[in-house]
Structure formats: C-alpha cells, structure tokens
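*Asks:* What follows is a single structure, and I will ask about it in a moment.
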Amino acid sequence: MHCSTRIERIEDLAVGAGLPVRHGPASARAQIMGPALPDGYLKRLQKFRYGPAVFKLDWALDGPIPWTDPRCLEASTVHIGGTLEEIAASESAVWNGDHADRPYLILCQQSQFDSNARPCRQTDRLRLLPRPLRFDRRSDRCAIEQQVERFAPGFRDCILARHKMGPAELEQYNPNFAGGVITGGAADAAQLFTRPVARLNPYTTPNPRVFICSASTPPGGGVHGMCGYHAARAALKKIEKFSPEPIRAR
Ligand SMILES: Cc1cc2nc3c(=O)[nH]c(=O)nc-3n(C[C@H](O)[C@H](O)[C@H](O)COP(=O)(O)OP(=O)(O)OC[C@H]3O[C@@H](n4cnc5c(N)ncnc54)[C@H](O)[C@@H]3O)c2cc1C
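When we follow my numbering, the leftmost residue of the sequence shown carries the number 1, and every step to the right adds one.
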C-alpha cells in the first residue's frame with residue numbers, strides 16, 4: 001500500500017500483490033490508467049457526467065449559530081432549504097445552468113462536536129454551482145450568508161473571518177473533486193448504478209488486475225465507505241480464485 005504519495009502513472013501502483021485498487025474520479029482514472037485499459041473502456045469513462053460543482057465558504061464565528069430553532073445546534077450537518085418548493089426551485093435552477101436566489105445549502109458545524117475546533121468556532125457551507133461554471137465570490141458569499149441569516153437572525157454579526165473555495169481550489173486541495181464536484185459525479189437515474197460505466201461488476205475493469213473505487217462507483221457520494229468496501233470485496237474474490245487458501249474480509 002502507498003500512503004501520502006500522489007499517483008501519477010499506473011506504474012506507481014505496481015505493488016507486491018499486483019492488484020491495484022484505484023481511487024479517484026473517472027477522468028483521472030482514464031489519465032492514470034490509460035496504458036492498462038482498452039480504448040473502448042477509456043472512451044466510456046470520458047462520457048461520465050459530473051453534474052454541479054460547489055462553492056465552499058468557511059467561517060470563524062464568535063459563538064454558536066443563533067438558529068431560530070435551537071434543535072439545529074444538535075446536528076453536525078444542517079441542510080438549509082426552506083420549503084420543499086424552494087429546495088426544488090434551487091435544485092432545478094442549478095441543473096438548468098442558473099443560480100438560485102435562495103440556494104439550497106449544506107452547513108457543517110464542526111465546533112459543536114469537535115473540541116479542537118472550539119477556541120475559534122468553525123463552520124462551513126456548500127452551495128451548488130451550475131455548469132458551465134459561473135460564480136462570483138462576492139455574490140455567492142452574500143447569497144449564502146443571506147440564506148443562513150433567514151434561519152438564524154444575527155448570524156452575520158457572529159462572523160470573525162471567512163475563507164472561500166471555488167471549484168478549482170477544491171480540485172487542487174483534493175484531485176478527487178474533479179472540477180469542484182464533491183460527490184464523484186452526477187447520481188441521477190442514468191448513472192446511479194452504472195457508474196462510472198455500465199458493467200455487471202462496476203468495481204472491476206477489463207483489466208483483471210485493476211479495480212476501482214471512490215464515489216464515482218456505486219452507491220456514489222454520501223454513502224461513505226461502501227464504494228471502497230465493495231471494490232475490496234471484488235478484489236478479494238479475484239485473489240481467492242487464484243489462492244489455495246480462502247481470504248476473508250474482516
Ligand atoms: C466540505 C464537504 C462537505 C461534504 N458534506 C457532505 C455531507 O454532508 N453529506 C454527504 O453525503 N457528503 C458530503 N460530502 C461529500 C463526500 O465527502 C464525498 O462524496 C466523499 O468523501 C467521496 O468519497 P471518496 O471516497 O470518493 O473520495 P475522498 O473522500 O475525496 O477521498 C479521495 C482520496 O484520494 C486521494 N487522491 C485523489 N487522487 C489521488 C492521486 N492521484 N494520488 C494519490 N491520492 C489521491 C485524495 O487526496 C483523498 O484523500 C462533502 C464533501 C465536502 C468537500
């Protein structure tokens with residue numbers, strides 16, 4: 001296993017067991033795994049659809065968020081959308097290449113649960129961005145903060161400092177966030193179970209020595225760990241086939 005090492009080429013993964021399990025978005029895989037995979041499979045990888053990117057805003061606050069409903073402080077992640085109609089309008093605006101006036105947000109309030117984050121209260125917020133990418137740091141920041149203020153009056157007065165991350169910065173921080181997409185690609189009906197390509201076992205590739213995981217495989221982003229779990233099982237099954245002793249996943 002290689003830790004803390006950036007993988008640039010398939011050769012970097014040539015480990016003793018000879019069974020590389022590759023993590024990363026479909027496009028990066030196509031680039032890195034190119035020499036090990038047939039053209040037909042690579043072409044299908046290139047057709048993978050990523051969907052909306054995100055704009056991320058972090059704050060240092062001088063106290064807990066003054067939610068109108070104090071129960072919100074009990075959640076590590078708060079989804080801010082207002083009514084069902086507002087959430088639907090925000091989602092469809094983004095998918096139609098537009099910005100929503102009242103964006104649907106994911107807000108994490110780490111300092112409620114992580115004592116290391118408490119000296120200066122931290123929280124972060126994600127907003128979906130339409131494609132082709134259009135965002136403006138100032139107006140996105142204002143739309144996000146206005147939306148929180150609706151449900152936590154006085155919130156803006158608690159802000160000590162801000163940090164903004166657009167799609168390019170997110171990808172630089174983690175190459176897995178290709179184009180600022182944090183969920184491994186669009187998880188719509190056409191791609192939920194056929195990610196990154198339609199295949200009986202999506203964790204395998206045409207190369208019997210190469211397996212793939214990450215949120216670009218089923219069940220996608222938001223079901224943490226399951227993609228890797230299934231990929232590992234697929235690899236173990238393959239090893240078992242050639243090993244005299246059965247190998248059990250713990
Ligand atoms: C701020 C934020 C908040 C989120 N909130 C939620 C939420 O509330 N609910 C939810 O369901 N999802 C949320 N997500 C999305 C969720 O985190 C992702 O869907 C999930 O982590 C993706 O898992 P993954 O295993 O595909 O990749 P990751 O967890 O991104 O892991 C990929 C790893 O591979 C490494 N890597 C990539 N390329 C290479 C390379 N070439 N060489 C070596 N290493 C490489 C990266 O450094 C990284 O460590 C959030 C994401 C972010 C950024």
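From the three backbone atoms N, C-alpha and C, an ideal C-beta is built for every residue, glycine too.
Smallest Cα separation from A189: which of I106, G220 and Q110?
*Replies:* Locating residue 189 in the sequence shown gives position 189, where the first residue counts as 1. Ranking I106, G220 and Q110 by Cα distance to A189 puts G220 first.
*Asks:* What do you reckon, is the C-beta of S92 under 7 angstroms from a heavy atom of ligand 1?
*Replies:* By one-based count along the sequence shown, residue 92 stands at place 92. No, ligand 1 has no heavy atom inside 7 angstroms of this Cβ.
*Asks:* Please determine, among F48, E8, L57 and A53, the residue with the shortest C-alpha to C-alpha distance to P35.
*Replies:* As a working note, residue 35 is residue 35 in the sequence shown. It is E8 whose Cα lies nearest to the Cα of P35.
*Asks:* Within 10 angstroms of its Cβ, does P177 collect 16 or more other Cβ (buried), or is it exposed?
*Replies:* Residue 177 sits at position 177 when you count from the first residue of the sequence shown. In the sequence on display, residue 177 carries Phe and not Pro. With 16 or more other Cβ atoms within 10 Å, it is buried.
*Asks:* Within the same chain, show all residues whose beta-carbon is closer than 6 angstroms to that of S4, passing over the 5 residues directly before and after it, in chain order.
*Replies:* Start at 1 with the first residue of the sequence shown, and residue 4 comes out as number 4. Cβ neighbours of S4 beyond the five flanking positions: none.
*Asks:* Taking contact to mean at least 3 C-beta pairs separated by less than 8 angstroms, is the stretch 157–166 in contact with the stretch 57–74?
*Replies:* Yes, they touch.
*Asks:* Please state the DSSP three-state secondary structure of C72.
*Replies:* If you number the sequence shown from 1, residue 72 lands on position 72. Residue state, collapsed to three classes: helix.
*Asks:* H210 to G81, Cα distance in whole Å?
*Replies:* Within the sequence shown, the letter at position 210 stands for residue 210. Within the sequence shown, the letter at position 81 stands for residue 81. According to the sequence provided, residue 210 is Val. The question's His does not apply to it. In a straight line, the C-alpha of V210 is about 41 angstroms away from that of G81.
*Asks:* Does DSSP put W95 in a helix, in a strand, or in coil?
*Replies:* The residue given as residue 95 occupies position 95 in the sequence shown. If DSSP states are grouped into helix, strand and coil, W95 belongs with the helices.
*Asks:* Going by the beta-carbon positions, is the gap between Y41 and G179 smaller than 8 angstroms?
*Replies:* Mapped onto the sequence shown, residue 41 falls at position 41. Mapped onto the sequence shown, residue 179 falls at position 179. Against a cut-off of 8 angstroms, the Cβ pair of G179 and Y41 comes out as no contact.
*Asks:* Between which two residues does the alpha helix (DSSP H) holding L192 run?
*Replies:* Walking along the sequence shown from the start, residue 192 turns up at place 192. Premise fails: L192 is in no alpha helix (DSSP H) and is neither H nor E.
*Asks:* For L37, name the three-state secondary structure that DSSP assigns.
*Replies:* Taking the sequence shown and counting its residues from 1, one reaches residue 37 at position 37. If DSSP states are grouped into helix, strand and coil, L37 belongs with coil.
*Asks:* Helix, strand or coil: how does DSSP classify V54 here?
*Replies:* Against the sequence shown, residue 54 aligns to sequence position 54. Strand.
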